[in-house]
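Chains as they are written, first to last, in full-length UniProt numbering: chain U, 1 to 426; chain L, 1 to 242.
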């Protein structure tokens, strides 16, 4: 897709997916909505709930005082941004009269219609907007647990893990091997590991020219594969090697002490730095509240993003099963708006407005060079589907300047989506 | 009401005359004249997947007498066959894992028959929530064949065998990026033999995922094992373990 078209689509995305009529705003009363989680989906939901129905009692339950975004955290690993540049806080939401409760939400008591906090306190709700994000599934890779992650960081939740992986890359000797282990689908941000490989390779080419990146992948193919592999060859030569499942790329065991990985068919790999991204699942509160299926993720009713098993609970972002939408920040933001519109309509006793979604995933190949994939989504026969013909993918043979243009668009997208989610101080 | 009667009612019912879709004939032939066992065969498969090209399945068959034949089918394709298996020995219960190809949402069906002529059926619907974000590899047909990966390690009293052959499993129905129909290219069979003879023979069909993967639990005392995939042109990919 050409840049101009994409820009128009970006502008359109800001209007996604709805506008509530004034009469509906007035009729939702002073109901209490608890928003669990302050990431892209939760912050967007809290902001839009208050914006659309100012009299609502909106409580954001989020233990952290600030939040580091996963988008652009790969740039931090490569030394292209400071970690602080990813920090978002909740001051603008508080200014908007969203009450920020700084505690972990442990469980939703569906019978009592209360959210149980870590300290045991219970908060009554009329509706919940659940946006807790992901947890690592520590049961899958033998030897990989929270302790092991302090030596073999996943860096798949931005913040301290990002800083740890960055320090390890900086401390590594020139000539050291960097391994990135990638899980099978579904997981947060499908193209993210490959952007990470790109930007780490860029850092190595500047700071450790004898070092290489080895990607051990549990999958047989990956998002934007042709674009990434073409970019890697052109930009980094042999510096990045990808080993898929057929090449014995699926890691089954980790030895954090030895910094060694064992793969499914017996190959062992030792490395100076191991970034082990494990399989994931919806954050623990979803399972504790009885909302997940056997996959570990939360099934939803696609038109409204209500939990399939609990109509008062709306779920948005990475924790829910919204496939074919990928687990991305863009998706989380769009889903939160649909969920908010449906929630408010429900409170007002009205039918939910019809919804439409779009997702765009940008991936950096190098500083100032990016590719993207985008698609539209809608409801057909009560299912969320990718709309035929809506897929756009950066071309393998781009016109001059397109990669740079897409990198600029990615920067602009990031600024605008963070503003849309967390707002800005008056 | 016996399961056989239930199955017959389902097969004969006016509303759901074809409950197994494109696999109807295969299922009827398998079940003809047999009482379907109500317990013993279980199928573990995700109820939904993001990528129908690689759907992981695990099946377990308890209290079966060797030899066991299995047929893996899917209900929504012109060629419903995934694979047929003939298993001579296993570490009980019989446990097998593989990956199947489901281009769209449909039923996955497993049929089993043991040495005493008993018949089992297990089925589950799988919803395929395909995402273009997970775009497939652009690898050219035939450009990536082999090696045969394999690994054997102790598991309880038996041995766990995992194997994977790099192979496109081209169905002859798929087009390349430039619109050309890719020629059909499927291997003919996969065999695992131990010191006491053949343990397992698999015939793959269109429904088996690319890079065919098999995991199984074998009895101890069979090593060394010889694994051999034979391709359509007769080329063999072999491994001996350990």
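Heads up, the beta-carbon is just placed ideally off N, CA and C, and yes, glycines get one too. The model shown is predicted, which means the values in this text are computed figures rather than measured ones.
Boundaries of the alpha helix (DSSP H) in which residue i is found, first to last residue
| i | result |
| --- | --- |
| residue 192 of chain U | 192–207 |
| residue 147 of chain U | 146–149 |
| residue 72 of chain U | From DSSP, residue 72 of chain U is part of no alpha helix (DSSP H); its letter is neither H nor E. |
| residue 288 of chain U | 284–288 |
| residue 228 of chain U | 225–236 |
| residue 27 of chain L | 24–31 |
Under the three-state DSSP convention, the category residue i falls into
| i | result |
| --- | --- |
| residue 169 of chain L | coil |
| residue 38 of chain U | coil |
| residue 346 of chain U | helix |
| residue 49 of chain U | helix |
| residue 2 of chain L | Bear in mind that the predicted position of residue 2 of chain L carries a pLDDT of just 45, short of 50, making it too unreliable to give a figure here. |
| residue 340 of chain U | helix |
| residue 313 of chain U | strand |
| residue 133 of chain L | helix |
| residue 245 of chain U | helix |
| residue 127 of chain U | strand |
| residue 319 of chain U | coil |
| residue 49 of chain L | strand |
| residue 28 of chain U | coil |
| residue 426 of chain U | coil |
| residue 222 of chain L | coil |
| residue 101 of chain U | strand |
| residue 177 of chain L | coil |
| residue 304 of chain U | coil |
| residue 393 of chain U | strand |
| residue 93 of chain U | helix |
Pair within 8 Å by beta-carbon distance, residue i and residue j
| i | j | result |
| --- | --- | --- |
| residue 192 of chain U | residue 131 of chain U | no |
| residue 179 of chain U | residue 204 of chain U | no |
| residue 340 of chain U | residue 48 of chain U | yes |
| residue 31 of chain U | residue 93 of chain U | no |
| residue 103 of chain U | residue 134 of chain U | no |
| residue 191 of chain L | residue 201 of chain L | yes |
| residue 149 of chain L | residue 265 of chain U | yes |
| residue 291 of chain U | residue 162 of chain U | no |
| residue 60 of chain L | residue 94 of chain L | yes |
| residue 262 of chain U | residue 252 of chain U | yes |
| residue 77 of chain L | residue 22 of chain L | yes |
| residue 126 of chain L | residue 46 of chain L | yes |
| residue 44 of chain U | residue 337 of chain U | yes |
| residue 243 of chain U | residue 214 of chain U | yes |
| residue 282 of chain U | residue 50 of chain L | no |
| residue 222 of chain L | residue 196 of chain L | yes |
8 Å contact criterion, which residue i and residue j should meet: CB distance rounded
| i | j | result |
| --- | --- | --- |
| residue 205 of chain L | residue 82 of chain L | 6 Å |
| residue 326 of chain U | residue 136 of chain U | Not confirmed; about 19 Å, so no contact. |
| residue 211 of chain L | residue 166 of chain L | 5 Å |
| residue 427 of chain U | residue 154 of chain U | The requested residue 427 of chain U does not occur in the structure, where chain U is confined to residues 1 to 426. |
| residue 209 of chain L | residue 169 of chain L | 7 Å |
| residue 151 of chain U | residue 319 of chain U | With a Cβ gap of about 27 Å, residue 151 of chain U and residue 319 of chain U do not count as contacting. |
N- and C-terminal bounds of the beta strand (DSSP E) containing residue i
| i | result |
| --- | --- |
| residue 363 of chain U | 357–366 |
| residue 419 of chain U | Premise fails: residue 419 of chain U lies in the alpha helix (DSSP H), 402–422, not in any beta strand (DSSP E). |
| residue 149 of chain L | 148–155 |
| residue 273 of chain U | 273–276 |
| residue 378 of chain U | 369–380 |
| residue 217 of chain L | 213–218 |
| residue 203 of chain L | 197–204 |
| residue 85 of chain L | 81–87 |
| residue 88 of chain U | 87–89 |
| residue 83 of chain U | From DSSP, residue 83 of chain U is part of no beta strand (DSSP E); its letter is neither H nor E. |
| residue 215 of chain U | 212–217 |
| residue 134 of chain U | 134–136 |
| residue 145 of chain L | Counting along the chain, residue 145 of chain L falls outside any beta strand (DSSP E), and DSSP gives it neither H nor E. |
| residue 240 of chain L | 236–241 |
| residue 181 of chain U | 177–182 |
| residue 386 of chain U | 383–386 |
Strand pairing of residue i, partner residues [DSSP]
| i | result |
| --- | --- |
| residue 189 of chain L | L:230 |
| residue 263 of chain U | U:251 |
| residue 167 of chain U | In DSSP, residue 167 of chain U forms no bridge with anything. |
| residue 60 of chain L | L:42, L:95 |
| residue 125 of chain L | L:107 |
| residue 18 of chain L | Residue 18 of chain L pairs with nothing; no bridge assigned. |
| residue 327 of chain U | Paired residues: none, contrary to the question. |
| residue 158 of chain L | L:155 |
| residue 74 of chain L | L:108 |
The ligand ADP heavy atom lying under 7 Å from the CB of residue i
| i | result |
| --- | --- |
| residue 29 of chain L | For the structure depicted, the ligand ADP is absent and the ligand set is empty, with no information on it obtainable. |
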